[in-house]
Amino acid sequence: MFEVLELNAGYEFRNRFVHAVRNVSFKVEQDDFFGIAGESGCGKTTLMLASLGLLKKPGKVISGRVLVEGLNLLALSNDELKKVRWKKVSLVTQSSMNSLNPVMKVKDQMADVLIRNHGFSKSDAYELVKEKLKLVGITPDRMESYPHQLSGGMRQRVVIAMALLLSPRVIFMDEPTTALDVVVQRSILQQIEELKKKEHFSIVFITHDISLLFELATKIAIMYAGEFVEVGEATLVYSRPLHPYTKGLIEALPSISKDLEKYKSIPGRPPDLTLKIEGCPFRERCSFAFERCRVEKPELRFVNGRWVACHLY
Amino acid sequence: MSSVLKVIGLKKEFTIRKGFKTLTLKALRGVDLELNENEIVSVVGESGCGKTTLLRVLARLYEPTAGKISLFGEELPRRLNRKEELKFRKLVQMVFQDPFASLNPTKRVSYVLKRPLKIHRIENEDQIMKNVLEDVELTPPESFLEKFPHELSGGQRQRVVFARAIITKPKIILADEPTSMLDVSIKSGILNLMLKLKEEHGISFLHVTHDLAAAKYISNRIVVMYAGLIVEEGEAKEIVNRPMHPYTMLLREAAPDPEKSSSTTLVDVGEPPSLIDPPLGCPFEPRCKYAKAECKEPVQMREVDGRKVRCVLY
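Sequences listed follow chains A and B, in order. Residue numbers for the first sequence follow the working numbering, beginning at 292 and rising by one. Residue numbers for the second sequence follow the working numbering, beginning at 42 and rising by one.
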């Protein structure tokens, strides 16, 4: 349904190139909840922007294809993209406070895209906006509000309703709940899950909060230094992680229900993405690293029911 | 255990002007709290519950409206002269949420660390600076002294902030969400550092956070705040494993947990009450599924099984 093939993207400056997404491929099927987790600076947001054709200068897609129902998004012109966006794929951004226009009424900014790019009349557009707002639990009288009159949770719901407007098949969510309190976060996530069941869309969920991701996602990809290092069923990856980085992340995670006496952080920091990485990108922080990791770059291989890029297996 | 910091009936009100009206926002509505020697106490709650205000009042950044604060059994007067103020600052230090914002980007680490030593007239600067950098596990110290904050990673920056805090040998550190801006892989490193500083330097921490899992890991006791009041207080693991107050239960349910079968659904509607005109009785009453008629009346803290709960159910 939604497929990214060997995508390479990054940011181009006068004298250097930050290679933020390195040869990433993944596939999202019907009803998937696909989670992408990684530390800040690992390229997860770049991956999302690049696969939606939203990467702006100095960002640049070098190679790769993004297929939505057979259509290559990256080969489309701007006008063609406008027709596809919101209809086939849509996006829920990180902080709703910044993604809503503060001087536009909720109904107007939601209807804008419908009227401008999808040929709706004003009254039809408002009607649809009303219906979608109801879906996320916002009463129609809130349509007349400005963003500052809504609470943080409600604003985030408006952004979700906006993403649902044209019933897309795939919705990207980039840290949709990080700016919110735990209780509000939980109620929004529950709503997303209910909507997903009702409306049958797939979700690509990007976050650094892995404990949340392991709980919600059906499939999970762990991203490190621009690459996927482990991809598989979330429950399997959580219960039996194979890649040392995944293991490290799970051991570094204070858990609320387990009574572990010691959590360890992963020493060191991710490599500089402007440089060409020889061998395994994780080797300097890895306690299992051996000679081969220095010279040969591990490829993703299918081991014990999931894909992992590590020489240990 | 002797108490290093004790707070009784602490209140803090802010006045806000709205047009011609002047409103009072009651951020803290009578907080009693005790921090013992060699102890980490975490204050958890949602944003707006008053946890940061509490910390700032204790750090003497805000003046309390009412209430008593005592340090090592001695009551702190409202006004301190310069010498007393310095002595207070030496014993009580603060660590902030955002290490990107709390270090001056134009100064080197050595300058950041030297400032408190100059202000408090502590001698043997170079040796002390090296020692604290080693204490916060930034080794070798020589390589970090001449660095600028932008040359350090987030975790290293937060360690510099901790180094600056412990350089005056304080007894109390007030930590305002020290890990919330950090990545998962380094978060636990900072938590472990706090545990180490507690063990090896005998520093007590008042740690404000919204991360219940982190609070459970490092603290001896947890204090749950809601709408300017403490609603539950007790031993950390007990609070998380067996929450008693309905609000603590809600927090526990809402926290992300990979072990949880996702079938449990949370029934919650509503938001914390307005602090301008807070409800007379239990602040959680409008959201609580166990609410009864008597919840409309003010509810006192009561002791149940070795912990304190502000709820009529017990």
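Built from N, CA and C at the ideal position, the CB exists for glycine as well. Model, not experiment: these values are computed from the prediction.
Please list the terminal residues of the continuous alpha helix (DSSP H) segment that includes residue i.
i: residue 482 of chain A; result: 473-490
i: residue 130 of chain B; result: 123-132
i: residue 203 of chain B; result: 195-207
i: residue 420 of chain A; result: 413-426
i: residue 145 of chain B; result: Taken as a continuous stretch (DSSP letters only), residue 145 of chain B belongs to no alpha helix (DSSP H), as it is neither H nor E.
i: residue 505 of chain A; result: 501-507
i: residue 429 of chain A; result: Neither: residue 429 of chain A is in no alpha helix (DSSP H) and is coded neither H nor E.
Starting from the C-beta of residue i, find all residues in its chain whose C-beta is less than 6 Å away, skip the five residues before and the five after it, and write them out in chain order.
i: residue 44 of chain B; result: 75, 77
i: residue 522 of chain A; result: 512, 598
i: residue 338 of chain B; result: 322
i: residue 351 of chain A; result: 303
i: residue 354 of chain A; result: 299
i: residue 463 of chain A; result: 339, 382, 495
Between residue i and chain D, is there a C-beta pair that is closer than 8 Å?
i: residue 160 of chain B; result: Protein chains in the displayed structure are A and B, and chain D is not among them.
Closer than 8 Å by C-beta to residue i: which residues in its own chain qualify, once you throw out the five before and the five after it? Chain order, please.
i: residue 562 of chain A; result: 516, 568, 572, 575
i: residue 243 of chain B; result: 78, 79, 212
i: residue 578 of chain A; result: 535
i: residue 116 of chain B; result: 109, 110
Is residue i helix, strand or coil by DSSP?
i: residue 215 of chain B; result: strand
i: residue 458 of chain A; result: coil
i: residue 257 of chain A; result: Because chain A is modelled from 292 through 604, residue 257 of chain A falls outside the range shown and cannot be assessed.
i: residue 540 of chain A; result: helix
i: residue 165 of chain B; result: coil
i: residue 396 of chain A; result: coil
i: residue 582 of chain A; result: helix
i: residue 58 of chain B; result: strand
i: residue 266 of chain B; result: strand
i: residue 314 of chain A; result: strand
i: residue 307 of chain A; result: coil
i: residue 179 of chain B; result: coil
i: residue 113 of chain B; result: coil
i: residue 469 of chain A; result: coil
i: residue 225 of chain B; result: helix
i: residue 188 of chain B; result: coil
i: residue 311 of chain B; result: coil
i: residue 172 of chain B; result: helix
i: residue 76 of chain B; result: strand
i: residue 342 of chain B; result: coil
i: residue 404 of chain A; result: helix
i: residue 108 of chain B; result: strand
i: residue 530 of chain A; result: helix
i: residue 574 of chain A; result: helix
i: residue 349 of chain B; result: strand
i: residue 86 of chain B; result: coil
Using a Cβ-based criterion (distance less than 7 Å to any ligand heavy atom), does residue i qualify as near the ligand NAD?
i: residue 526 of chain A; result: Absence of the ligand NAD is noted for the structure shown, with no ligands found whatsoever.
Can you name the start and end residues of the beta strand (DSSP E) that residue i belongs to?
i: residue 298 of chain A; result: 293-303
i: residue 246 of chain B; result: 245-250
i: residue 93 of chain B; result: Looking at the DSSP string, residue 93 of chain B is not in any beta strand (DSSP E); the run it does join, the alpha helix (DSSP H), is 92-99.
i: residue 356 of chain A; result: 350-359
i: residue 290 of chain B; result: Not the beta strand (DSSP E): residue 290 of chain B falls in the alpha helix (DSSP H), residues 287-295.
i: residue 498 of chain A; result: 493-498
i: residue 258 of chain B; result: That residue, residue 258 of chain B, is in no beta strand (DSSP E); its alpha helix (DSSP H) goes 253-259.
i: residue 371 of chain A; result: Element bounds for residue 371 of chain A: not the beta strand (DSSP E) but the alpha helix (DSSP H), 369-375.
i: residue 382 of chain A; result: 380-383
i: residue 511 of chain A; result: 510-515
So, at 7 Å on beta carbons, what are the nonlocal neighbours of residue i in its own chain, with the 5 sequence-adjacent residues on each side left out?
i: residue 371 of chain B; result: For chain B, the structure presents residues 42 to 355; residue 371 of chain B sits outside this window and is missing.
i: residue 205 of chain B; result: 153, 154, 157
i: residue 458 of chain A; result: 490
i: residue 49 of chain B; result: 73, 108, 109
i: residue 258 of chain B; result: 232
i: residue 454 of chain A; result: 381, 382, 383, 462
Can you give me, in chain order, the residues of the stretch 492-508 of chain A that have a beta carbon less than 9 Å from any beta carbon in chain B? Taking 9 Å as the Cβ-Cβ cut-off against chain B, the residues of the stretch 492-508 of chain A that qualify are 499, 500, 501, 502, 503, 504, 505, 506, 507.
Per the contact definition of three or more C-beta pairs closer than 8 Å, is the stretch 329-346 of chain A in contact with the stretch 311-319 of chain A? Segments in contact, yes.
Say whether the stretch 315-332 of chain B touches the stretch 266-276 of chain B, bearing in mind that this needs 3 or more beta-carbon pairs closer than 8 Å, one atom from each stretch. Under the 8 Å Cβ criterion, the stretch 315-332 of chain B counts as touching the stretch 266-276 of chain B, having at least three qualifying pairs.
Mind checking the stretch 516-528 of chain A against chain B and listing, in chain order, the residues whose C-beta falls within less than 7 Å of any C-beta there? Taking 7 Å as the Cβ-Cβ cut-off against chain B, none of the residues of the stretch 516-528 of chain A qualify.
Using a Cβ cut-off of 7 Å, which residues of the stretch 187-203 of chain B contact any Cβ in chain A, in chain order? Going along the stretch 187-203 of chain B in chain order, one finds 194 with a Cβ nearer than 7 Å to chain A.
Select from the stretch 561-591 of chain A all residues with a C-beta closer than 8 Å to any C-beta belonging to chain B, and list them in chain order. From the stretch 561-591 of chain A, no residue has a Cβ closer than 8 Å to chain B.
Listed from N- to C-terminal order along the chain, which residues in the stretch 241-264 of chain B have their beta-carbon within a distance smaller than 7 Å of any beta-carbon of chain A? Residues are counted here when their Cβ sits less than 7 Å from a Cβ of chain A; for the stretch 241-264 of chain B these are 251, 253, 254, 255, 257, 258, given in chain order.
Chain-ordered residues of the stretch 338-356 of chain A with a beta carbon less than 7 Å from chain B: Those residues of the stretch 338-356 of chain A placed with their C-beta closer than 7 Å to a C-beta in chain B do not exist.
Beta carbons nearer than 7 Å to chain B: which residues of the stretch 531-543 of chain A have them? Cβ proximity to chain B below 7 Å picks out 539, 540, 543 from the stretch 531-543 of chain A.
Residues in the stretch 313-336 of chain A with C-beta within 7 Å of chain B's C-beta atoms, listed in sequence order? Listed in sequence order: 330, 331.
Residues, ordered as in the chain, of the stretch 283-296 of chain B that lie near chain A by beta-carbon distance below 8 Å: Identification of residues in the stretch 283-296 of chain B having a C-beta nearer than 8 Å to some C-beta of chain A yields 291, 292, 293, 294, 295, 296, given in sequence order.
Mind the definition here: the stretch 470-487 of chain A touches the stretch 413-425 of chain A only if three or more C-beta pairs lie below 8 Å; say whether that holds. Look at the beta carbons and you see the stretch 470-487 of chain A not touching the stretch 413-425 of chain A: under three pairs across the two are nearer than 8 Å.
For the stretch 155-182 of chain B, which residues have a beta carbon sitting closer than 8 Å to at least one beta carbon of chain A? Residues: none.
Does the pairing of the stretch 98-106 of chain B with the stretch 173-182 of chain B give three or more beta-carbon distances under 8 Å? Fewer than three pairs of CB atoms, one per stretch, sit closer than 8 Å, so the stretch 98-106 of chain B makes no contact with the stretch 173-182 of chain B.
Inspect the CB distances between the stretch 63-70 of chain B and the stretch 81-100 of chain B and report whether three or more fall short of 8 Å. These segments touch.
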